[in-house]
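Report on the following structure.
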Amino acid sequence: MESSNGVFNNEQLLSTIATNNGHGEDVEYFDGWKAYDNDPYHPSNNPNGVIQMGLAENQLSFDLIKEWMVKNPQASICTHEGVNKFTDIAIFQDYHGLPKFRSAVAKFMGKARGDRVSFDPERIVMSGGATGANETLMFCLADPGEAFLVPSPYYPAFNRDLGWRTGVKLIPITCESWNKITEEALKSAYEDAQNKKIRVKGLIITNPSNPLGTVQDFDTLKMLVNFVNDKRIHLVCDEIFAATVFNSPRLISVAEVIKDMPHVNYDLFHIIYSLSKDLGMPGFRVGVVYSYNDRVVTTARKMSSFGLVSSQTQYMLASLLSDDVFVTSYLDKSRERLSQRHKHLTRELAKVGIQCLKSNAGLFVWMDLRHLLKKPTKEEELKLWKVIINDVKINVSPGSSFHCNEAGWFRVCFANMDDETVDVSLQRIRTFVRRENKESNNNNDNTQKPNLKKRKEMMKLSRLSFNSRRFEETPNLLSPHSPIPQSPLVKART
Amino acid sequence: MVAELLSKIAAGNGHGEESAYFDGWKAYENDPFHPVNNPHGVIQMGLAENQLSFDLVKDWILKNPSASICTVEGVDQFKDIAIFQDYHGLPQFRHAVARFMEKVRGDKVRYDSDRIVMSGGATGAHELMAFCLADPGDAFLVPTPYYPGFDRDLRWRTGVQLLPVECHGSNQFKVTKQALEEAYKKAAEDNIKVKGLLITNPSNPLGTVLDRETLTSILSFSTDKNIHLICDEIYGATVFGYPEFISISEIMLDHPHNPDLIHLVYSLSKDLGFPGFRVGIVYSYNDRVVSCARKMSSFGLVSAQTQMLIASMLSDEVFVEKFLAESKKRLETRHNEFTWGLNQVGIQCLKSNAGLFVWMDLRQLIGQGKDPTVESELRLWRVIINEVKINVSPGCSFHCSEAGWFRVCIANMDNETMHVALRRIRSFAAQKVGKKDGGVVRSSSGKRKCWQQNNLQLRLSSRRLDDLMGVSQLGSPHSPMSPLVRAQT
Chain P
1239 MESSNGVFNN
1249 EQLLSTIATN
1259 NGHGEDVEYF
1269 DGWKAYDNDP
1279 YHPSNNPNGV
1289 IQMGLAENQL
1299 SFDLIKEWMV
1309 KNPQASICTH
1319 EGVNKFTDIA
1329 IFQDYHGLPK
1339 FRSAVAKFMG
1349 KARGDRVSFD
1359 PERIVMSGGA
1369 TGANETLMFC
1379 LADPGEAFLV
1389 PSPYYPAFNR
1399 DLGWRTGVKL
1409 IPITCESWNK
1419 ITEEALKSAY
1429 EDAQNKKIRV
1439 KGLIITNPSN
1449 PLGTVQDFDT
1459 LKMLVNFVND
1469 KRIHLVCDEI
1479 FAATVFNSPR
1489 LISVAEVIKD
1499 MPHVNYDLFH
1509 IIYSLSKDLG
1519 MPGFRVGVVY
1529 SYNDRVVTTA
1539 RKMSSFGLVS
1549 SQTQYMLASL
1559 LSDDVFVTSY
1569 LDKSRERLSQ
1579 RHKHLTRELA
1589 KVGIQCLKSN
1599 AGLFVWMDLR
1609 HLLKKPTKEE
1619 ELKLWKVIIN
1629 DVKINVSPGS
1639 SFHCNEAGWF
1649 RVCFANMDDE
1659 TVDVSLQRIR
1669 TFVRRENKES
1679 NNNNDNTQKP
1689 NLKKRKEMMK
1699 LSRLSFNSRR
1709 FEETPNLLSP
1719 HSPIPQSPLV
1729 KART
Chain X
44 MVAELLSKIA
54 AGNGHGEESA
64 YFDGWKAYEN
74 DPFHPVNNPH
84 GVIQMGLAEN
94 QLSFDLVKDW
104 ILKNPSASIC
114 TVEGVDQFKD
124 IAIFQDYHGL
134 PQFRHAVARF
144 MEKVRGDKVR
154 YDSDRIVMSG
164 GATGAHELMA
174 FCLADPGDAF
184 LVPTPYYPGF
194 DRDLRWRTGV
204 QLLPVECHGS
214 NQFKVTKQAL
224 EEAYKKAAED
234 NIKVKGLLIT
244 NPSNPLGTVL
254 DRETLTSILS
264 FSTDKNIHLI
274 CDEIYGATVF
284 GYPEFISISE
294 IMLDHPHNPD
304 LIHLVYSLSK
314 DLGFPGFRVG
324 IVYSYNDRVV
334 SCARKMSSFG
344 LVSAQTQMLI
354 ASMLSDEVFV
364 EKFLAESKKR
374 LETRHNEFTW
384 GLNQVGIQCL
394 KSNAGLFVWM
404 DLRQLIGQGK
414 DPTVESELRL
424 WRVIINEVKI
434 NVSPGCSFHC
444 SEAGWFRVCI
454 ANMDNETMHV
464 ALRRIRSFAA
474 QKVGKKDGGV
484 VRSSSGKRKC
494 WQQNNLQLRL
504 SSRRLDDLMG
514 VSQLGSPHSP
524 MSPLVRAQT
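Chains P and X, in that order, give the protein sequences. What the first sequence shows, in the working numbering, is residues 1239 to 1732, in sequence order. What the second sequence shows, in the working numbering, is residues 44 to 532, in sequence order.
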């Protein structure tokens, strides 16, 4: 159809943002999700289905929350005890948020950090989950075309959250030693960007790390603070896994570091928080932007109109998180359960020769399957991934989706299922490893002697023999949302 | 330099919360009316909220404890709901919302629940539409007067422009083909690419519904120009009496169109009165837009807890029918009482039968013998806030092409408060009786009409008013100042 401005074909009808692939949900990486959605594991209804270990959720402590809910009906606007607040809450849309909600969240943030720092409720700004918080902060701090440095491996959806609609570029910093960001690497990335005439506006780190499950040490954090202060760029710390630290070393929040560095420019520091991981409530969309920069607070607050937390949810959580006794008990028990789960999983994996990066936080382990790769390439990693999905029938996330520069690592989530399911998945892994051992032993009898170094690397397991299945292109598993249109995840849980 | 540290978006004023227009809010918040504690305080009539039917909702809530994940009956669903973050939304939520939208349109059209996409309120829905349909620098046409929040929602972070389509009081602010063509032509002359047309039906601030002829003309205009048509229908269920609400979806049934160009914005903030729950909906007939918008909805999903409550409530067809009927009735009663009260003192409102407000005509009260101007409108507004002590919204904040109109919200208070407000307005108007030029008011003299029973003698002081700032965008329902926890009378 013609228009006087020229002919718009279907492509031009939409915006550039709508038609680029900035959302990151490329077709390729859907296999993991497809496999799961088509064939989801269920202990009785579908015991041979795919087990979901690609979703970083914290499902271990809902019993505690449910118990609290039943004992505290006034926390809901739908109970007899609470319904008189229904009107006030249903009409409350002030973007400052319910004062009690802000106070409770600020207190919770402090407790999750061992009360070594306190947070000012006036700086708590709501957002549509951490997803919304990350995007909002970018809209405040950077113009289209400007860049943020981010140490890899990193959460895949950062590309969408930080860059899709904002136009901000992400420049990965490769860390040679896992999650230890060195000053050299930082300087090098920064200068490299400058040489390319890209303006770096800041650095974003995730602490505790997703996907590694490790925490930053004090010296590194101090180095980062000094670096950004010196370059006059921002430091954004995504601390959404703060309360998932279940072993030492403890979490050191950037808040704690700058508390003792009064000489730095506080306008440069910002924290992203959320209740999706620590409390296990991603469905409630509680994101927080916490900035030490007043102007960012007021601007982000205005922007929060685009993604406020439902007042019904604010009200309930204000109640829950104001209960100090509950919060203390919850944090302790949750950590304990995460610790147990982590220990069990890593021990059992080690028994079949599978190591994980030493970690003490997060809802996942960073599993080392380098020895199972024919070659240390991304293609081989993805081939192995297909096998894990289709044969072992476990959905895990390949390291390449986290922009890891070394092939063979996989993130395996362990907190989104019950004990029985963990054991089923472990059993499948054992079976798989045993089978592969047997096959490779058979192969060894018939092939030339493999070279010694390679043998060492493989740690008793040698080459995998793949069946001759023809693999499709690999999808990009990024967001926690199922990209498959027809499959509600309502009953997705094992 | 502080500005450099932040983005241009952050350093600019695109959020629209200019300082000048805070007077209305400031006055209210410093001195909020309360029937007992502060009977002479400022009455809030600048907030388009629907508070007339909460009793029905509360009644339903108590009878349906399983709609909540916090009750004994519902807590077993807590975990499933707390972890549900799929951006498709709960299927039962989407079905219930689609069905509700159908009922609001008298079941004359059908909605596909797979096209329902969530957003952070209508605020988020509008921004989302702009991100999907236009590039920075592109423009949407929008008929005036329009909701001030559009300036922020559609433009601020997206870089999209809004170009007005001027409508006039002389023909009840109808959106004419001529005005559309003029606006389109002007854009072309200015080398601005028009990507779409945004209409609000029922209209905010007018409270009128678009008639069939206008809608058809709008549909053919956008089809002809191959531009998007975004229809904000968030006041759909606030229509009472005649003429009936006609949705663009109905017009599509009988007229040629390109479905890829048509999109609805919906919300439960006005029809149900739940702005706090942030339930915004994008409904597009364009598959690609649905898919893109759905991905973007990650930035502003509806809380799963709220999805579940709404799914339950709106699936109850008996409740929905009863609510829609009763809510309309109450809105109609409130509307009629208020406009009648105004008529008694010679104040007219634009004839309307929808929305949560009236479009009050005070043109004859300003102007000093000349045509009313924005300055004179704002002077009068200051008087209304500070002397009559009612917060209303001046027409210029809605980009109205002519001065002297004010939007007065009437559904966010109880009957008693409305009567207090009417009394105050009537006293104020009584001072102006007989003054053609509507200028300086002296204490009233001469024949007092029977309705001037109130003792209040309003005098306009010869106060020197502050400098008048340029046109800004008061209208955001959010208080820019302090928490509105107790904002409601």
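Think of the CB as a built atom: it goes at the ideal place given N, C-alpha and C, for glycine as much as any other residue.
Once DSSP output is grouped into helix, strand and coil, what is the label at residue i?
| i | result |
| --- | --- |
| residue 1284(P) | strand |
| residue 1260(P) | coil |
| residue 427(X) | helix |
| residue 1500(P) | coil |
| residue 450(X) | strand |
| residue 182(X) | strand |
| residue 1507(P) | strand |
| residue 1598(P) | coil |
| residue 1591(P) | coil |
| residue 1385(P) | strand |
| residue 308(X) | strand |
| residue 1271(P) | helix |
| residue 134(X) | helix |
Within this structure, are the beta carbons of residue i and residue j separated by less than 8 Å?
| i | j | result |
| --- | --- | --- |
| residue 1382(P) | residue 1262(P) | no |
| residue 1630(P) | residue 1592(P) | no |
| residue 197(X) | residue 170(X) | yes |
| residue 320(X) | residue 1549(P) | yes |
| residue 1368(P) | residue 1480(P) | no |
| residue 1486(P) | residue 1598(P) | yes |
| residue 1287(P) | residue 1280(P) | yes |
| residue 110(X) | residue 355(X) | yes |
| residue 1515(P) | residue 1478(P) | yes |
| residue 453(X) | residue 88(X) | yes |
| residue 250(X) | residue 402(X) | yes |
| residue 118(X) | residue 292(X) | no |
At the 8 Å Cβ level, is residue i part of the contact set with chain A, yes or no?
| i | result |
| --- | --- |
| residue 346(X) | Reference to chain A is not applicable here, since the protein chains of this structure are P and X. |
If we ignore side chains and look at the alpha-carbon of each, how far apart do residue i and residue j end up?
| i | j | result |
| --- | --- | --- |
| residue 1299(P) | residue 223(X) | 58 Å |
| residue 1452(P) | residue 338(X) | 30 Å |
| residue 1378(P) | residue 1334(P) | 17 Å |
| residue 113(X) | residue 1419(P) | 44 Å |
| residue 384(X) | residue 465(X) | 7 Å |
| residue 1607(P) | residue 1637(P) | 10 Å |
| residue 1344(P) | residue 1362(P) | 7 Å |
| residue 285(X) | residue 396(X) | 7 Å |
| residue 429(X) | residue 390(X) | 20 Å |
| residue 52(X) | residue 474(X) | 46 Å |
| residue 1251(P) | residue 270(X) | 8 Å |
| residue 1282(P) | residue 1604(P) | 29 Å |
| residue 255(X) | residue 318(X) | 29 Å |
| residue 1572(P) | residue 1482(P) | 8 Å |
| residue 1216(P) | residue 1346(P) | Here chain P comprises residues numbered 1239 to 1732, so residue 1216(P) is not present and cannot be evaluated. |
| residue 329(X) | residue 306(X) | 8 Å |
Discussion item. For the structure I just gave you, are there three or more beta carbon pairs, one from the segment 1352–1372 of chain P and one from the segment 1490–1500 of chain P, closer than 8 Å?
Written reply: yes
Item to complete: Tell me, please, whether the segment 1400–1409 of chain P touches the segment 1423–1439 of chain P by the rule of three or more beta-carbon pairs shorter than 8 Å.
Response: yes
Item to complete: Go through the segment 310–387 of chain X residue by residue and report every complete run of the alpha helix (DSSP H) that reaches 4 residues or more, in order.
Response: 330–339, 347–358 and 360–386
Fill in: Inter-stretch contact at 8 Å, needing at least 3 Cβ pairs: the segment 261–278 of chain X / the segment 122–135 of chain X
no
Fill in: Stretch-stretch touch, CB-based, cutoff 8 Å, three pairs: the segment 429–444 of chain X with the segment 1305–1314 of chain P
no
Discussion item. Just to confirm the assignment: which complete beta strand (DSSP E) runs, minimum length 3, are found wholly within the segment 1392–1427 of chain P?
Written reply: 1407–1412
Worksheet item: Taking contact to mean at least 3 C-beta pairs separated by less than 8 Å, is the segment 1318–1330 of chain P in contact with the segment 146–166 of chain X?
Response: no
Discussion item. Any contact between the segment 1496–1510 of chain P and the segment 1519–1537 of chain P? By contact I mean 3 or more CB pairs, one from each, below 8 Å.
Written reply: yes
Worksheet item: Can you give, in chain order, each stretch of the beta strand (DSSP E) that sits fully within the segment 227–315 of chain X and has at least 3 residues?
Response: 237–243, 271–275 and 305–310
Worksheet item: Counting pairs of Cβ atoms below 8 Å between the segment 133–142 of chain X and the segment 352–370 of chain X, do you hit three or more?
Response: yes
Practice prompt. Say whether the segment 220–234 of chain X touches the segment 73–86 of chain X, bearing in mind that this needs 3 or more beta-carbon pairs closer than 8 Å, one atom from each stretch.
Written response: no
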